[in-house]
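What follows is a set of notes on a single structure, which appears directly below.
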Amino acid sequence: MRGNQMFWRALEKARRSNLREAGEAPPVPRSFASTRRALLRAIAAGGATAALPRSAFARAPGRVAIIGGGIAGLSALHHLREAGVDARVYEGRNRTGGRMFTHKSGDWTFEVGGQLVNTDHEDMQRLAKRFGVALVDRKADPHNTLTLANGRLLSEAEMAEGLRAIAGQIGRDADLLDQHPGRISKQIDAISIHTYLERHAALIREPWARQLLEATSRTEYGVEPSRASAIGLIFNLPTVRGERVQVLGGSDERYVIEGGSSALIAAMSDHYADRIETGKRLSRIGARDAGVRLTFQDGTTADADTVIVAVPAPLMRQIDFRVPLPAAWRAFIAEMELGFNEKVQSGTNATPWTGPMGVALVPDCTF
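Residue numbering for the sequence shown follows our numbering, starting at -9 and increasing by one per position.
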């Protein structure tokens, strides 16, 4: 949950002020990705995900069928082929890319789905480099972020001060999660962000603080705060193995792919054209003597030794899994939903935001 960088910087400053006042050590800088992985490992070790299956590649994968030709499926195909594995992608639509899709209208390009590449998205950056696709640095030029509350400009320092009390509560819960990951993760994950903020409403004295917390949640997860897990708040002021961690980088949304996200998809799809079949919507995965048999809606079948299902959970619900699956996976497939976000995009033939009206709003402030 890192969409509003100014807001999360203010929340981090609020925590630092609390720790300094208490005479405690400041947070230790770490990357967002490594911190999140450490938290998830701790939660898993505490038993919250003990039922999840181990890697299927404890044995030789043999022939690998990859269901889904989005970036996940194409990335899996690339890495498997680089390792010499016999792998093939089956995509239900007539194009690859999934939710990475660039719509073109004349000279304009509009991103229908995912487009932003973070500084810590090392996997995406490596893929772009490998396939000769350039990245555009969206933040190479100076820029400001403005936060308004009822028409009044909020400074980062004012935001930090107004967030100190709730930041203290989030920090205390992060400490508890670190100490008792299995038990506490279940308790926090069982409530929504809305419920968490209601429970601690007395700590949020400024109306704008509550509004910003909820707006950031809504933007990041694509659902109302009443449907987003409160554990998302804890991930932003984490404690890992007894150390308070300052999250660096994270979802800074710094880069986009030159020519549109579909440029990378096209480059990968062209390179592995003989390994990709489109128009293959999967209807059933069934067991056979050695491996599995895939049955597609067009009536064709394919055999494989290993299957990678790289489609979102709602699409998984359309597949008849006639193979053993752990209960945790079946629950995930049945319950997992995607967020719903809308984009408003427009094309311009000039850059009016760089003129005086754009940069003179806060000449003495840096955000």
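Every residue, glycine too, gets a C-beta built ideally from N, C-alpha and C. From a predicted model like this one, the values you see are computed outputs, not experimental measurements.
Could you name each continuous beta strand (DSSP E) segment of 3 residues or more that falls completely within the segment 67 to 112, going from the start of the chain to the end? The qualifying runs are 77 to 80, 92 to 95 and 98 to 101.
I'd like the list of long-range same chain contacts for P43, defined as Cβ closer than 6 Å, with 5 residues on each side in sequence excluded. Counting from 1 along the sequence shown, the entry for residue 43 is found at position 53. Because the pLDDT at P43 is just 46, under 50, the model does not fix this residue reliably, and the value given afterwards should be weighed accordingly. Hits under 6 Å: P316.
Assess, as a yes-or-no matter, whether the segment 50 to 61 is touched by the segment 73 to 93 under the definition of 3 or more beta carbon pairs within less than 8 Å. Note that the segment 73 to 93 touches the segment 50 to 61; at least 3 beta-carbon pairs, one per stretch, sit closer than 8 Å.
Using 10 angstroms around the beta-carbon of R116, count the other beta-carbons present and answer buried if the total reaches 16, otherwise exposed. Counting from 1 along the sequence shown, the entry for residue 116 is found at position 126. Exposed: under 16 other Cβ atoms inside 10 Å.
Could you check how far apart the C-beta atoms of A66 and I298 are, in whole angstroms? I think they sit under 8 Å. Translated into the one-based positions of the sequence shown, residue 66 becomes position 76. Translated into the one-based positions of the sequence shown, residue 298 becomes position 308. Between I298 and A66 the Cβ distance is about 5 Å, and since that is below 8 Å, they are a contact.
Which two residues bound the contiguous alpha helix (DSSP H) that contains S182? Position 192 of the sequence shown holds residue 182. Boundaries for S182: no alpha helix (DSSP H) harbours it, and the DSSP string shows neither H nor E there.
E101: which of Q236, A253 and R6 sits nearest, CA to CA? Stepping through the sequence shown from its first residue, residue 101 is reached at position 111. Ranked by Cα distance from E101, the options Q236, A253 and R6 are led by A253.
Note down the Cα distance separating S336 from G13, rounded to an integer number of angstroms. Counting from 1 along the sequence shown, the entry for residue 336 is found at position 346. Counting from 1 along the sequence shown, the entry for residue 13 is found at position 23. S336 and G13 have their C-alpha atoms roughly 50 Å apart.
Neighbourhood of T285 by C-beta distance below 6 Å, restricted to the same chain and skipping five residues each side: Within the sequence shown, residue 285 is the residue found at index 295, counting from 1. Contacts found: S273, R274 and T291.
Take G104 as the anchor and find which of P228, E325, E112 and G88 has the nearest alpha-carbon. Numbered from its first residue, the sequence shown carries residue 104 at position 114. Here the closest residue by C-alpha is G88.
Helix, strand or coil for S252 per DSSP? Numbered from its first residue, the sequence shown carries residue 252 at position 262. For S252, the secondary structure class from DSSP, reduced to helix, strand or coil, is helix.
Select from E196, R6, P215 and G289 the residue whose C-alpha is nearest the C-alpha of N140. Taking the first residue of the sequence shown as 1, we reach residue 140 at position 150. Closest by alpha carbon: E196.
Distance, R71 Cα to H261 Cα: Stepping through the sequence shown from its first residue, residue 261 is reached at position 271. Stepping through the sequence shown from its first residue, residue 71 is reached at position 81. The alpha-carbon separation between H261 and R71 amounts to approximately 11 Å.
Could you give the DSSP three-state label for E148: helix, strand or coil? Taking the sequence shown and counting its residues from 1, the one referred to as residue 148 is at position 158. E148 falls in the helix class under three-state DSSP.
What is the C-beta distance between R5 and L227, in whole angstroms, given that I count them as a contact (C-beta under 8 Å)? Stepping through the sequence shown from its first residue, residue 5 is reached at position 15. Stepping through the sequence shown from its first residue, residue 227 is reached at position 237. With a Cβ gap of about 5 Å, R5 and L227 count as contacting.
Which residues mark the beginning and the end of the beta strand (DSSP E) in which G281 is found? As a working mapping, residue 281 is identified with position 291 in the sequence shown. Per DSSP, G281 lies in no beta strand (DSSP E) segment and is marked neither H nor E.
DSSP three-state label for A38, please. By one-based count along the sequence shown, residue 38 stands at place 48. A caution first: A38 carries a pLDDT of 43, below 50, which makes its placement in the model unreliable, though a value can still be read off. Reduced to three states, the DSSP call for A38 is coil.
Please state the DSSP three-state secondary structure of T296. For the purposes of this step, residue 296 is identified with residue 306 of the sequence shown, where counting begins at 1. T296: strand per DSSP, three-state reduction.
Among the residues of its own chain, which have a CB less than 6 Å from the CB of R20, if the five just before and after it don't count? Here residue 20 refers to the residue found at position 30 of the sequence shown. Cβ within range, chain order: V235.
If we count the other Cβ atoms within 10 Å of its Cβ and call it buried at 16 or more, is T296 buried or exposed? Translated into positions along the sequence shown, residue 296 becomes position 306. Around the C-beta of T296, 16 or more other C-beta atoms lie within 10 Å, and the residue is accordingly described as buried.
Under a Cβ-count criterion, where at least 16 other Cβ atoms within 10 Å of its own Cβ denotes burial, should V107 be classed as buried or exposed? On the sequence shown, residue 107 is found 117 positions in, with the first residue counted as 1. V107 is buried by the Cβ-count criterion.
Whose C-alpha, out of L9, R307 and F311, is nearest the C-alpha of E325? Here residue 325 refers to the residue found at position 335 of the sequence shown. It is R307 whose Cα lies nearest to the Cα of E325.
Using DSSP's beta-bridge definition, name the partner residues of Q236. Taking the sequence shown and counting its residues from 1, one reaches residue 236 at position 246. Looking at the DSSP assignment, Q236 forms a beta bridge with P19.
Pairwise C-alpha distance: F311 and R278: The sequence position of residue 278 within the sequence shown is 288, counting from 1. The sequence position of residue 311 within the sequence shown is 321, counting from 1. Approximately 13 Å, taken between the alpha carbons.
Pick helix, strand or coil for S219, following the three-state DSSP scheme. As a first step, residue 219 is located in the sequence shown; it is residue number 229 there, counting from the start. Strand at S219.
Using a Cβ-Cβ cut-off of 8 Å (strictly less than) and excluding sequence neighbours within five positions of E248, which residues of its own chain qualify? Residue 248 sits at position 258 when you count from the first residue of the sequence shown. Same-chain partners within the cutoff: V123, A124, L125 and V126.
Strictly by DSSP, which residues pair up with D310? Numbered from 1 along the sequence shown, position 320 holds the residue referred to as residue 310. According to DSSP, which records beta bridges pairwise, D310 is partnered with R274.
My assumption, with CB atoms under 8 Å, is that A199 sits in contact with I156. Please give the rounded CB distance. Counting from one through the sequence shown, the residue named residue 199 turns up at place 209. Counting from one through the sequence shown, the residue named residue 156 turns up at place 166. Correct: roughly 7 Å between the Cβ atoms.
Since R320 sits in a beta bridge, which residues does DSSP pair it with? Within the sequence shown, the letter at position 330 stands for residue 320. The partner list for R320 (beta bridge, DSSP) is empty, contrary to what the question assumes.
To which residues of the same chain is A40 closer than 6 Å at the C-beta, ignoring the five residues directly before and after it? Within the sequence shown, residue 40 is the residue found at index 50, counting from 1. Interpretation of A40 is limited by its pLDDT of 41, a score under 50 that renders its predicted location unreliable; the figure taken from the coordinates is listed afterwards. In its chain, beyond the 5 residues on either side, no residue has a beta carbon closer than 6 Å to the beta carbon of A40.
Should D293 and R271 be called a contact, given that it needs their Cβ atoms to be closer than 9 Å? Here residue 293 corresponds to residue number 303 of the sequence shown, with the count starting at 1. Here residue 271 corresponds to residue number 281 of the sequence shown, with the count starting at 1. No, the pair does not count as a contact, with Cβ atoms beyond the cut-off.
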